[in-house]
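Protein sequences, first through last, are from chains A and B.
For the first sequence, position 78 (counting from the first letter as 1) is numbered 78 according to UniProt numbering, and the numbering increases by one without interruption.
For the second sequence, position 13 (counting from the first letter as 1) is numbered 13 according to UniProt numbering, and the numbering increases by one without interruption.
Protein chains: 2
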Amino acid sequence: MVVRSDARSVETRERILAAAAIELADRGYAGTSIALIAEKSATGKGLVQYHFKAKSDIALVIVRSAFSQAPFANVLGVDTVHGLEAVVASIRSVAGAFRDDVQVRAAVRLMREYHLIPVTLPTPYVGWIARIGALLREAEAAGDVRQGLDADREAWHLVGYFYGVQEISNRLSAREDLPERIEEMLARALVTLGTVAPERYL
Amino acid sequence: MVVRSDARSVETRERILAAAAIELADRGYAGTSIALIAEKSATGKGLVQYHFKAKSDIALVIVRSAFSQAPFANVLGVDTVHGLEAVVASIRSVAGAFRDDVQVRAAVRLMREYHLIPVTLPTPYVGWIARIGALLREAEAAGDVRQGLDADREAWHLVGYFYGVQEISNRLSAREDLPERIEEMLARALVTLGTVAPERYL
């Protein structure tokens, strides 16, 4: 067996994942084969299988990697923006990623097709709901939203509303109108949060 | 070839569709075969294929039938309730059907899996959005909501918000909390519509 240099091996793995994301975002789980990924990454079936046991393994890596990215739960705004400003930034940023980031689009499609994938994918939404809940408590403490609001419940509804907006936008306009729909959603959501100065965020 | 009486033939077709809906709602398109539908409907592969050319044909009939049912676009409240009352009734009724009506649940799952199904399914959402838009115009004329609201845009957002709520509820609680989440959603949506007396609808 040929021993590959670590750097080359990492580069090959990244190339496989990048090609897989494009195909999975476009064709979905059932429409994407290891052979196709090998062809599109200009590697070879053997090399793909050297890096990933199975197609489901590739799916899991793509979903996990999208979930750990900046717009999502864990990373966003830890040191930069806070409270309601961070909530709004997070929703805009996730919407942008849903539209423009092929790795995130692949992850969203795979999460949608989770029934077909024989591995346990991370539970969606819960991390983001928890993060928005924490930010809404900051917003309440700062006096930026209605006092006494149920932060976790409002966070659940923001994520639900967001998900529905991106879904309908996806089905009816291939997400072309998503930025506009997200701004409309934010304007409505800021009202229901009892935001003191909604125009500051729009 | 045995000539079957019409009544018996209709009954068999219904039995096949009922069994197919249960399996499709539970296992999805890829997980349901003609052989399984034949087994569960206690008919036989030949009889299933006598009634339906292909599995995709069964999917299409189930989706079309769900779309033409009472809670959806065309039928709701034509003669009974009007305006904002009908909007609220429609959202509650569709939510109930998403949770409790196996034919609707099968249709929702098939719409979600449309990528896998080699027929053109009806475009989702648009009929319901149009119907809610018309009802919101009635509500505006009756002075029940903010004057000058953009009825079609608000209808788009109601359907989007609804879809997201049922999705998150489905993924995180198997739709157990759906009725409660829908009431929370309605309370928030009535505020953004500038409803004059929201408590009348809750």
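For glycine and all other residues, C-beta sits at the position ideal for the given N, C-alpha and C.
Of the residues the options, the one placed nearest residue i, counting alpha carbons only
{"i": "A:ALA187", "options": "B:THR192, B:MET185, B:GLU184, B:ALA187", "result": "B:THR192"}
{"i": "A:VAL145", "options": "A:ASP6, A:ALA20, A:ALA7, A:LEU190", "result": "A:LEU190"}
{"i": "B:GLU167", "options": "A:LEU158, A:ARG175, A:SER173, A:ALA174", "result": "A:LEU158"}
{"i": "A:VAL165", "options": "B:LEU172, B:ARG153, B:ASN170", "result": "B:ARG153"}
{"i": "B:SER9", "options": "B:GLN49, B:ALA35, B:LEU36, B:GLY28", "result": "B:GLN49"}
{"i": "A:TRP128", "options": "A:GLY194, A:ARG27, A:ILE37, A:PHE67", "result": "A:PHE67"}
{"i": "B:VAL104", "options": "B:ILE117, B:GLU14, B:ALA25", "result": "B:ALA25"}
{"i": "A:HIS82", "options": "A:GLU176, A:LEU36, A:LEU116, A:ALA142", "result": "A:ALA142"}
{"i": "A:VAL196", "options": "A:GLU176, A:GLU85, A:GLU14", "result": "A:GLU85"}
{"i": "residue 203 of chain A", "options": "A:GLY194, A:ALA134, A:ILE117", "result": "Beyond the ends of chain A as shown, which are 1 and 202, falls residue 203 of chain A; an answer cannot be given."}
{"i": "residue 204 of chain B", "options": "B:SER93, B:ILE16, B:LEU172, B:THR80", "result": "This structure cannot settle anything about residue 204 of chain B, because the visible part of chain B is limited to 1 through 202."}
{"i": "A:ARG92", "options": "A:LYS53, A:PRO179, A:TYR163", "result": "A:PRO179"}
{"i": "A:GLY194", "options": "A:VAL61, A:HIS115, A:ALA151", "result": "A:ALA151"}
{"i": "B:GLU176", "options": "B:LEU110, B:TYR163, B:ASP100", "result": "B:ASP100"}
{"i": "A:ARG27", "options": "A:GLU183, A:TYR161, A:ALA106, A:HIS51", "result": "A:ALA106"}
{"i": "A:THR43", "options": "A:ALA130, A:GLU14, A:GLU138, A:GLU183", "result": "A:GLU14"}
{"i": "B:LEU110", "options": "B:PHE52, B:VAL61, B:LYS53", "result": "B:VAL61"}
Integer-rounded CB distance, given that residue j should sit under 8 Å from residue i
{"i": "residue 236 of chain B", "j": "B:PHE98", "result": "Absent from the structure is residue 236 of chain B, since the part of chain B shown begins at 1 and ends at 202."}
{"i": "B:ILE132", "j": "B:ALA95", "result": "B:ILE132 to B:ALA95, Cβ: 14 Å. No contact."}
{"i": "residue 203 of chain A", "j": "A:LEU149", "result": "Residue 203 of chain A cannot be examined here, being either before or after the span of chain A that is shown, 1 to 202."}
{"i": "B:VAL119", "j": "B:ALA59", "result": "7 Å"}
{"i": "B:ALA19", "j": "B:ILE37", "result": "6 Å"}
{"i": "A:ARG112", "j": "B:ARG112", "result": "7 Å"}
{"i": "A:VAL102", "j": "A:ALA30", "result": "A:VAL102 to A:ALA30, Cβ: 18 Å. No contact."}
{"i": "B:TYR114", "j": "A:TYR161", "result": "Wrong, their Cβ atoms sit about 23 Å apart, outside the cutoff."}
Neighbour-count burial assignment, residue i, 16 or more Cβ in a 10 Å radius
{"i": "A:PRO198", "result": "buried"}
{"i": "B:LYS55", "result": "buried"}
{"i": "A:PRO124", "result": "buried"}
{"i": "B:LEU202", "result": "exposed"}
{"i": "A:SER41", "result": "buried"}
{"i": "A:THR12", "result": "buried"}
{"i": "B:GLU7", "result": "Note on identity: in this sequence residue 7 of chain B is Ala, with Glu being the wrong assignment. Flag for B:ALA7 reads exposed."}
{"i": "A:GLY46", "result": "exposed"}
{"i": "B:VAL63", "result": "buried"}
{"i": "A:GLY77", "result": "Model confidence at A:GLY77 stands at a pLDDT of 49, short of 50, so the residue's coordinates are unreliable; what they give is reported in the following sentence. Buried."}
{"i": "A:GLU23", "result": "buried"}
{"i": "A:ARG181", "result": "buried"}
{"i": "B:ALA140", "result": "Just to set this straight, residue 140 of chain B is Glu in the shown sequence, not Ala. Buried."}
{"i": "B:SER90", "result": "buried"}
{"i": "residue 237 of chain B", "result": "What is shown of chain B runs 1 to 202, which leaves residue 237 of chain B out entirely."}
{"i": "A:GLN69", "result": "buried"}
{"i": "A:VAL75", "result": "Its pLDDT being 48, under 50, A:VAL75 is placed unreliably in this model, and the value from its coordinates should be taken loosely. Flag for A:VAL75 reads exposed."}
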